[in-house]
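Following our numbering, the numbering of the sequence shown begins with 355 at its first residue and continues without gaps.
To keep things clear, I will list the structure first and then write my remarks on it.
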Amino acid sequence: MKNFFDSKRPAIWITATVAAAAVVPAVILLKKSRQPKLLFDQPYFVGEIVYQAPFYSFFCTPETAPLFRLSGDLELHSKGDMGGQKDEAGWVKLGSMREFVLDQDHFDNLFFTGKEREIARIRRRNARAWRLDISQDQKEVFYYLLQQKNGQILLAYGYHADGHKGPESRSSIIRWLFRLSPSTPD
């Protein structure tokens, strides 16, 4: 039997090689274009509450959570409050976020749950993270905005219970972790 590659028609093999060489870069480019990027100046609503600290009397639902928006200059805005009053107030600027490296001390250790593996998985799958530390109602609060490698956007809301502002706080807790979904602009 004749060898499969031993052909008197080299044009077939040249055409097949050129076609394969064209397909591989096209697949790579298509795969990269499907990776979503963080969309600035777009409102987000809470699609899911991934975590709620269990020791508070007030619980938030996706319907009562505020809307959030990150502007192009990394300013975080919210609309509404945790009581579900989204329509009574306009967008409120919370402050300017800055990018930081998400690590175990400043993320995993701030949860009080039996889901340590799930929390660690969120951290490991994170592509970029931003944080904002502010004083709100005589409390030191912080927000983490997390962009996952798969394009999902998460927002953590927590407290610095010892009154310190920033990552040096040793008594910080995350009260809520929201999975955000894009909303239609209003």
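Glycine residues also receive a C-beta, built at the ideal position from the N, C-alpha and C atoms.
Computed from a predicted structure; not experimentally measured.
Worksheet item: Which partner residues does residue 305 have in the DSSP bridge list?
Response: Since the first residue shown for the chain is 355 and the last is 540, residue 305 is missing from the structure and cannot be characterised.
Discussion item. On the DSSP letters alone, give me the boundaries of the alpha helix (DSSP H) that residue 477 sits inside.
Written reply: Along the sequence shown, one-based indexing puts residue 477 at 123. Residues 470–478.
Worksheet item: Can you name the residues that DSSP bridges to residue 508?
Response: On the sequence shown, position 154 is the one that residue 508 refers to. Beta-bridge partners assigned by DSSP to residue 508: 500 and 533.
Worksheet item: Is there contact here, the region 395–406 with the region 414–430, by at least three beta-carbon pairs under 8 angstroms?
Response: With contact defined as three or more Cβ pairs closer than 8 angstroms, the region 395–406 and the region 414–430 are in contact.
Worksheet item: Would residue 533 pass as a contact of residue 402 if the rule is Cβ separation under 7 angstroms?
Response: Here the question's residue 533 lines up with position 179 in the sequence shown. Here the question's residue 402 lines up with position 48 in the sequence shown. Contact flag set, yes.
Worksheet item: Within 10 angstroms of its Cβ, does residue 512 collect 16 or more other Cβ (buried), or is it exposed?
Response: As a position in the sequence shown, residue 512 is number 158, starting the count at 1. Within 10 angstroms of the beta-carbon of residue 512 lie 16 or more other beta-carbons, which makes it buried.
Item to complete: Starting from the Cα of residue 409, find the closest Cα among 489, 465 and 447 and give me that residue.
Response: Numbered from its first residue, the sequence shown carries residue 409 at position 55. The candidate whose alpha carbon is nearest that of residue 409 is 465.
Discussion item. Here's the rule I'm using: 16 or more other beta-carbon atoms within 10 Å means buried, otherwise exposed. How should residue 412 be labelled?
Written reply: One-based indexing of the sequence shown puts residue 412 at position 58. Per the 10 Å Cβ criterion, exposed.
Worksheet entry | Straight-line Cα distance separating residue 375 from residue 419 | Working through the sequence shown from its first residue, we reach residue 419 at position 65. Working through the sequence shown from its first residue, we reach residue 375 at position 21. If you take the alpha carbons of residue 419 and residue 375, they lie about 50 angstroms apart.
Discussion item. Using 7 angstroms as the threshold, is the C-beta distance between residue 488 and residue 449 below it?
Written reply: Position 134 of the sequence shown, counting from 1, holds the residue named residue 488. Position 95 of the sequence shown, counting from 1, holds the residue named residue 449. Contact check for residue 488 against residue 449 passes: the beta carbons are separated by less than 7 angstroms.
Item to complete: Can you give me the Cβ contacts of residue 474 inside the same chain, cut-off strictly under 7 angstroms, excluding the 5 residues immediately before and after it?
Response: Translated into the one-based positions of the sequence shown, residue 474 becomes position 120. The residues are 462.
Item to complete: Tell me residue 400's beta-bridge partners as DSSP assigns them.
Response: Numbered from its first residue, the sequence shown carries residue 400 at position 46. Beta-bridge annotation (DSSP): residue 400 is paired with 534.
Fill in: Neighbour-count burial assignment, residue 496, 16 or more Cβ in a 10 Å radius
In the sequence shown, residue 496 corresponds to position 142, counting from 1. Buried: at least 16 other Cβ atoms inside 10 Å.
Discussion item. Which same chain residues end up closer than 6 angstroms to residue 372 when comparing Cβ atoms and leaving out the 5 residues on each side of it in sequence?
Written reply: For the purposes of this step, residue 372 is identified with residue 18 of the sequence shown, where counting begins at 1. So no residue of the chain qualifies.
Worksheet item: Given that a residue counts as buried once 16 or more other Cβ atoms are within 10 Å of its Cβ, and exposed if not, what is residue 508?
Response: Translated into positions along the sequence shown, residue 508 becomes position 154. Under a 10 Å Cβ-count criterion, residue 508 is classified as buried, with 16 or more other Cβ atoms of the shown protein chains found around its own Cβ.
Worksheet item: How should residue 528 be labelled, buried or exposed, when 16 other C-beta atoms within 10 angstroms of its C-beta is the threshold for buried?
Response: Numbered from 1 along the sequence shown, position 174 holds the residue referred to as residue 528. Residue 528 comes out buried.
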